Every structure is written in structure tokens, then in C-alpha cells.
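Protein chains in written order, with this note's numbering: chain G, 2 to 459; chain A, -6 to 607.
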């Protein structure tokens, strides 16, 4: 089977919101990527900031065995996916009721935050990625909006800007620019990261890069001898990263004839123009239209799953505290964080916060729609996935960290039954949910965050 | 509650607690002194028992505790932010206060500085993306777009140059460093090859030609002379046989430049050090540190020459260099790196006041707010004015639109110019439109946010975040309450009292400024309720009085010194830096000198000029 791949720029310029599914499939070079493994399982987490109004507006019910969405209407976009999802109550993250913590503890199950210090743990998405890993695929994909957290009190904003962590002090690299995400997933489509043309004489590109990396490694050794032992680990990490870059280069030693770019390289002046339209920006960076930017990123996630380019992806819709102006939603006026403290003016702010939650639920539903329409061995891509959607607090005003707003979608290839409203008897550390998700995906962790009892997710 | 009732309540609680520390356990320190004695003393036995029960397992018995003399403020800070202390979250104010008393905390010592460092603690500073872009622009004229593909830096601290948060280099970033080095070199080769190719291997000995290029660019890129081993390695990358073709020779030189740009000694500013030992920065290290402080970029030829001469630590030379650097256009990079982050100007872009309430507000007025603050700061830098001007200046910069908004006459056109604020209610940063808009809701000023902003930015005493799961206050929801009644109803909730008792009265004193920074005398048909209270308990009702208090109390001076030192050092300060900061205040701000005198005090302090290795 051979299809002509469609260039990235055509896709991104069209704008993810307007891509019909047949178009999505047409752009995949399926002969290269898709026919690899029967029934690959995938994991995703979508995090929305601050939380929502309160349980009375959020909690679903079950009538005659059928999940009924809350009458508030916040979840109306999920109406046709009720059999694909379950709601989970009382999920507890020890976020310290601080905004940065509410992000940083969601996938680390309550480790952190620390004052004046970065200390968390390798997050569950990374551990699941380790288990689902295949050298031919991208380990995991960490995406976020372009905003960052300014921290709170003496707690660094680094917690509030990252849900995925590779180790106790290092966030997984957030990917923001859609063009780069596309190039990572589907190399050869007019990359912005193409190597320069090989010099006409002198060292080849491969020779030159070997010299550069050798010099860097020798310099690390020399400089390490000039600093204290406690500072050495910083340079050790640089060395480790350089070795990975070296491996990557050696796998493709001398790309002197790079794949021809489908469109001419942009001039530097068109890179990320600050006030350009979304169409222009989407071709090179992230998109100033927030809603459209999220659509594009979630479409890229769906594409990556369908093409089996990666099996683990996370998306941080916005950091905490997040001061995005939400006026683009009809009926909403003001900054996200201010509206989230809705109890200061319930009459006006409660409906606004419900609309904001509805906006994020809509993005989640949109992804579910994409994945459900993608047929593959063993059902749809959604059937072969587990998608965690949520926030650390249901009541945003009170930073209700003992009761996260959490929805789980997908069947992990048939291992999970959906359409439920799962209510444990009291606060339940979210580590049990993480552990259960890992095991359902076939990643048999003995425990996570000190917890060896998986939460029953059906 | 009327203000007399509030004062009585304050006095009552003053018996139990000292110092605003958290949402649950706080009060202004000075109020407790009105009780006429040290209220902690009767609590010591209770505090000892509590300490042994709750604290000793981690911090040791009380006699040998590593937390001696911790204040209630510090203890509550720790409880509210450290996970490991989460189980102590429900200690009462009085209990925390008693533990502090048992640990030997003495309110009488408050005001004395807490600790001194003999050297800084950081040896490796990775350039952030902005510093990288500035650096390759200054070295090669590269456009900012060369670093577009860099993954985002971790910049969760007050300033974006925190060395700890920047330390890690991911695989993606390492790859970008390599690809970007290649991009920088190929761009300079297309546009300005002669910048690097300062000799012709066909005309001179290829080996000495390569050597001179390597020495020159090695020095400029690594900000120090090359080591012999580095030089040998770099030279080996170039074909230097007699008669070598130009393209082959240049290909090798390109590799050399790229190698220098991927070197850890370029990407990190390295301060040579060994664990536990104090070492004074050498001239090259000091020049580099100074350059990234004032220019967010690499050293220029003159700084390298001074470093080579070894004279940078001479007072007259250092002074001349600081003055030269502040006068350079490159000093404008401090606007984004320091001033804009300090004041939080980034937040302006998302502000959109409600047009139903503020029909005259325009985006051009919002731009003017930002321009006012930027021009005010850049004027202070270029004219070397005192940092006190930020607090108390009786002048600002306006165009016609902003002048009209402020009720100032005689300004026309879109150009900004300096105007006097004498005989107006405005003084300094706290009454600029940018700050007033940032501390407002869409439809009105925010008393709480303004109080918090002043405490955080001008007093360096940020109130902690609110405690979790505060029950909704029915008292605050009663219809028909006015602004003060609503705020007092919330404040009287014991969970909220301690910090709001300090924040809210400051915010009230700024109530004559509306939600878009306009001046108002009436509110909802009546006079503006602007009855505020300073942290020392004195009433006030204007920005002028607030400024006067923050100025004469010395609170602002210490705060601004702390902010600038934090930025200069690229790390969060702690109690151990406290006396050093006070020394910087004495030498740099109390002398009434300009910005340069504070910078000189920082640069010559042990914090900046020495390092103790880790």
C-alpha cells in the first residue's frame, strides 16, 4: 500500500479544526509506520487547569446501568461517548492546595511541591512509556500550551508548568511548536531542523559532528575537574544527553541528500511572527488562536497514535496558576484563574467556569471522536487506548485536592469496562489509579509512589 | 466591623501569634508589641512538649535542634509548603507560636539580620534561551530566530536566570545546541564570512592563520583564553598543509567555531571551584558574571581587555566599566530580564477590562501603560538614577492618551515624554497604570490583589497562598454588603484573618485608583472608602503616604536590593544571605547613589565575587 504523504505545512495551514478524518488518514505514510504490531496499546493524559465548580455540577449518575451526564451541561460534548468513559471520584493528589502543586502532583501522585527546591518523581506516563517502548518509536510525547506558571509563594512555577517528569528534578521536555511536533512524528516533511548543506570541501558533516561532539565530551571532562563534586552531575547529564545525540547521528551518519522540502525554507523573518494569523504561525510555530492550537495538538496526538509513532502522550492545556484571558468563549469574561475562584461571585462566575470546563471537555471529546473513528486491528484506536482527562480539584475555588475531577476513556484493548461512575468510600490516592492504568496496559509495575494496590477501574 | 472593633480583635489575637506567616497562623509582628511584653514566654513549656511530639523525630531533640530560633513565620512557611510537614498543617497559631518560643525565637531580635555568607554557592550557570540569543547576536550578528526550536527553559522562579532550574540539558536541547551551532555558522558564512576569516591561508602560513583565528574566537566564545589542550584539539580540525584549498580550510574553521559553540564552557558560565573551599573569581569569570548581569549576554572586547590586564577588581576600573555598560544600549536587556519580570508586565497582555464598566479603555491605553513602565525603568538605567525612584518618583513618562487618562495637561502626540507628578496623587511604580491594571478585576480594583502586590513586590513579604478547603463564608454572601463589608466578612474567617489583616488595609489605601488606573473621588455614588492601614498600624489613604512609609521604614530599600541581588546571582536568596543584602543596602542604596552604586555593592560583595564549591 502506498499513499503520497501530504506535507506538514498543508495540514497545519488548513488548521486542525477543519481536517476531516479521511484527510487525516490520507496524510499518513501508512506503508512506513502503521502495519507494525497488532493491537498496540496507548496511554494519554490531558490536564485542564484549576478544576471546575463543584461536585453538584460535575458528578454523573447511573440510571438503569447507563451513565447519565450531569445536568449542568458541562459534559454535553461527551454525550455520544458515554459508553467509552467512566467518571472517578475522590481521587486525591497531595498538591498542598497550591496551584503549581496541582499540576506537578497529578501524574506523580502527590510527590511535592517543595519550597525553593525541585523534588518530585518520575511520572507514571514515563514509566508506562518505558513498558510500551519500542526502539523504533518515540518514547513519549509531552505537549503543552505556550504559557508558563509563575509559581506561588516560595514554590517554583516549574511544578505548575509540567505534568510529566523524567526524574525527580527534571521535567520531560515540553513540546509547544506544532511544526516541531509534526517533524518529530513524521520526519522528512520539510523540517525546520534539517542539517545544513554539507560543505563542499573540508570535513564531511559526519566528520565535523564527530569532532564537535568529541571536543564537547573532552571539555566536559576537563571542566569537571575544575569544579566541586556536587556540581559534576550537571555536566554528567549534559554528557549523557550528548551521547544520545551522538547515537541519533550515527544512526543516520551523513544526510547529505536530505528529503527535499515540499515548500521552500522560510526566511528567518517569517519564523514566529508575533502578531501573525494562526495560519502563518501554524506553519512554523504554535498557534496564537488557543482553541485552534489545542485542536492541532490533539490531532497530532491522534495521528501519532494511529501511525503508532508513539504510544504515550500528555497534553497540559494550561499551567497553574494560569492567567489566560478566556473571553474567546461566548459568555465568559476574564482571566481563567480569577474565574476559577468562582465562589467570590457565584452568580456570575459559576456559569463562566462551567463554560470553561465545557470548553476543555469539548477538546477531550474531540480527541475521543478522532480516536474512535480510527479503525485498526482489534477495534478502534480508542478501544486500544486509555486516556486520562482531568484536573487535581473538583471545586476550583477551594482547591479541593482531595477530590480531583477525573474521567477515564478507552478500553486498553478490552481490559477495561467503561460506562461507570466509580466512587470509592473516601479520598483515594491517585497513585492507585496510575498503577491500575499501567497494569491494564500490560505494564506490570509492582507499585507506584509507594502504593501497590491498584484502584478498580473495571 | 468598624476600625475600632478590628483593632480590638487584632490586639486579642496579638497575644497569641506573631508575624504574618500563613493563611492560618499569622499577624503583623508590630501589633503584638502593643501588648506590652513578649507574649511568647508563657507558651514555652507547651511549645517544648509540642516540639518533642511533632518535630523532634526529624529535627532532633530541642536541645540539639537544627531549627533553633525559627520564627512563627518561618515555621508556618515550612508547614504550608513542605510536603513532609503536611501533617502539621492543622496546628493552631498559638501552637506554632509556642513552638517558636521553645526554639528560642525572640521577637526582640526581629529586625536584626539573620545570616551571612562568605561566598556564593553556584559554580555553573547555563545560559537561558534569551541569553543564548543575545550572545550569538553579539558574537556573530545572528538573528533571534536561530534559537526558535529550543525547547522551553524552566523558568519558574522570579527571574528567568535561576541556575538550578536551568542546569539540566535534555537530549532535545543538546541536539538543538548542535544544530543551532551549525545554523549560526552557516548563516555567518553566507553573510559576513570576513568576520571570522581574518587571514588568508593562501597568503600566510595556513597553520598560523588557523591558530590566530582559533585564539581570537576561542577567547571570545569561551570568554577566557583557550587552554593548550583545547587549542591543540581545535587546530587538529583544520587542514593546514601548505597549499590547502580555501574551501577545505574554511570547512575546518567552521567545525572549530561549531565545536566552541557546543562546548560546556560556552553553554555554561563556569566558575572554577572545589567542594568546600572558597575561591575568589578571576578577572575573566568576574567580567563574564558582570556582563550576563547587566547585558544578559557575553563580554565585549573591552571587558576582555580589562580582564586580560587583570584590573577589573580595581574600584576605579570596575566603576568605569559599570558606567560604560549601563550607558550601552545592551543594558536595555535588563528591562526584560529584571524589571519586566519583577513587576510581572507579561500579565498585561491578558488583561481586558470590562467595556461595560470602562467604555473608554483602549488597547492603545494598555500599550501606553506598558510603555510608561518600560520607559521609566530605562530612563533610570541610562541616567543612573537611584533605585528609590521606582518607589517614590514624582515624575513619569506619558503620551497624550496616558496624560489625559491621568488628568495631566499639556501633553500632545503619541511620543512619550517625562512629566512631573508633583501636586498629583501619583508616586512611583505603585500608581502607574500597568500595576493598577494588573491588580484589578475586569470590572473594579481588587483591594486584596493590590495589598498582596505591595507586600510581594515592594516589601518582599509575600503572603502565602490561601489554605485549602476554606469553607464558604455565608457572611460574605449576604446581598447588599458594600466593598469593605464583604472584605471584612471574609477576613473575619479565622482561616483567612491573619494574612488578610495585613493585605486588605494596604489595598484600601489605594482605592482612589479605579480598575484601569484612573483617579476617582467617588465610588457607587458615595465618596471612595480609602481608609487604609499601614503595616505599622498607622492609618493612610493615599499612594503618597504608602510610599513615604515604605521609604522611611527601609522596607523597600531592602526589598529592591534583594530583588536585584537575586537576579545578579541567578538563585533564590535565603536567610543566610540576609546580612549580605543589608550590607548591599548600606553601601548601595542608603548612600543615595544611582543604580550603579547598588550594582557596585552587589558586584563587590562576597556573594558575587567569591564562590564556595559544592
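Every residue gets a Cβ at the ideal spot worked out from N, C-alpha and C, and that includes glycine.
Bear in mind that the values here come from a model prediction, so they are computed numbers and not experimental data.
query, result
"Hey, how far is the Cα of residue 452 of chain G from the Cα of residue 83 of chain A?", "25 Å"
"Using DSSP with H/G/I as helix, E/B as strand and the rest coil, what is residue 9 of chain A?", "Because the pLDDT of residue 9 of chain A is 33, which lies under 50, any placement of that residue in the model is unreliable, and the number read from its coordinates should be weighed accordingly. If DSSP states are grouped into helix, strand and coil, residue 9 of chain A belongs with coil."
"Sorry if obvious, but does the Cβ on residue 261 of chain A come closer than 7 Å to a heavy atom of the ligand NAP?", "With respect to the ligand NAP, the structure offers nothing, as it holds no ligand at all."
"By Cβ distance, which residues of its chain are closer than 8 Å to residue 372 of chain A, with the 5 residues on each side in sequence left out?", "378, 390 and 411"
"Nearest-angstrom Cα distance between residue 42 of chain G and residue 430 of chain G?", "25 Å"
"Please check if any C-beta of chain G sits within less than 8 Å of the C-beta of residue 478 of chain A.", "no"
"Using a Cβ-Cβ distance cut-off of 8 Å, determine whether residue 44 of chain G contacts chain A.", "no"
"List the whole-angstrom C-beta distance separating residue 504 of chain A from residue 523 of chain A, where the pair is believed to meet the contact cut-off of C-beta under 8 Å.", "4 Å"
"By how many angstroms is the C-alpha of residue 223 of chain G removed from the C-alpha of residue 375 of chain A?", "40 Å"
"Quick check: what's the CA-CA separation for residue 621 of chain A versus residue 122 of chain G?", "Not covered by the structure: residue 621 of chain A. The range shown for chain A is -6 to 607."
"So what's residue 512 of chain A in DSSP terms, helix, strand or just coil?", "strand"
"Would you list the residues sitting across from residue 45 of chain G in a DSSP beta bridge?", "G:314 and G:388"
"Ignoring anything shorter than 4 residues or poking outside the stretch 314 to 350 of chain A, list the alpha helix (DSSP H) runs there in chain order.", "333 to 336"
"Pull out every residue of the stretch 220 to 243 of chain A whose Cβ sits closer than 9 Å to any Cβ of chain G, in chain order.", "220, 222, 223, 226, 227, 229, 230, 231, 232, 238, 239, 240, 241, 242 and 243"
"Note down, in chain order, every chain G residue with its Cβ under 7 Å from the Cβ of residue 248 of chain A.", "204, 209, 212 and 213"
"Using the beta-carbon count (16 or more within 10 Å), is residue 495 of chain A buried or exposed?", "buried"
"From residue 89 of chain G to residue 71 of chain G, what does the alpha carbon distance come to, in whole angstroms?", "14 Å"
"Can the beta-carbon of residue 101 of chain G be found closer than 8 Å to that of residue 153 of chain G?", "yes"
"Determine the contact status of residue 548 of chain A and residue 428 of chain A, defining contact as a CB-CB distance below 8 Å.", "no"
"Give a yes or no on whether 8 Å exceeds the smallest Cβ distance from residue 236 of chain G to chain A.", "yes"
"Out of G:324, G:329 and G:335, which one is the CA nearest neighbour of residue 339 of chain A?", "G:324"
"Are the CB atoms of residue 602 of chain A and residue 273 of chain A nearer to each other than 8 Å?", "yes"
"Only counting the same chain, and skipping five residues up and downstream in sequence, which positions put a Cβ closer than 6 Å to that of residue 331 of chain A?", "560"
"Under 8 Å: do the stretch 530 to 543 of chain A and the stretch 130 to 144 of chain A share three or more Cβ pairs, one atom per stretch?", "no"
"Of the residues A:341, A:250, A:154 and A:198, which one's Cα is nearest the Cα of residue 181 of chain A?", "A:250"
"Taking only the alpha-carbon atoms, compute the straight-line gap between residue 457 of chain A and residue 251 of chain G and give it to the nearest angstrom.", "51 Å"
"For residue 115 of chain G, which of helix, strand or coil comes out of DSSP?", "strand"
"For a contact defined as C-beta to C-beta under 8 Å, what are the partners of residue 245 of chain A on chain G?", "203 and 204"
"I want to know whether the stretch 293 to 304 of chain G touches the stretch 357 to 372 of chain G - three or more CB-CB distances under 8 Å.", "yes"
"I'd like to know if residue 445 of chain G contacts chain A, where contact means its C-beta is closer than 8 Å to some C-beta of that chain.", "no"
"Have a look at residue 109 of chain A and residue 271 of chain A and give me their C-alpha separation to the nearest angstrom.", "14 Å"
"Is there a Cβ from chain A that is less than 8 Å from the Cβ of residue 82 of chain G?", "no"
"Between the Cα of residue 472 of chain A and the Cα atoms of G:347, G:400, G:341 and G:311, which residue gives the shortest distance?", "G:347"
"On a Cα-Cα basis, can you pick out the residue from A:416, A:104, A:119 and A:439 that is closest to residue 564 of chain A?", "A:119"
"Between the Cα of residue 349 of chain A and those of A:507, A:238, A:435 and A:512, spot the shortest distance and give me the residue it belongs to.", "A:435"
"In its own chain, which residues sit with a C-beta less than 7 Å from the C-beta of residue 358 of chain G, not counting the 5 before and 5 after it?", "53 and 75"
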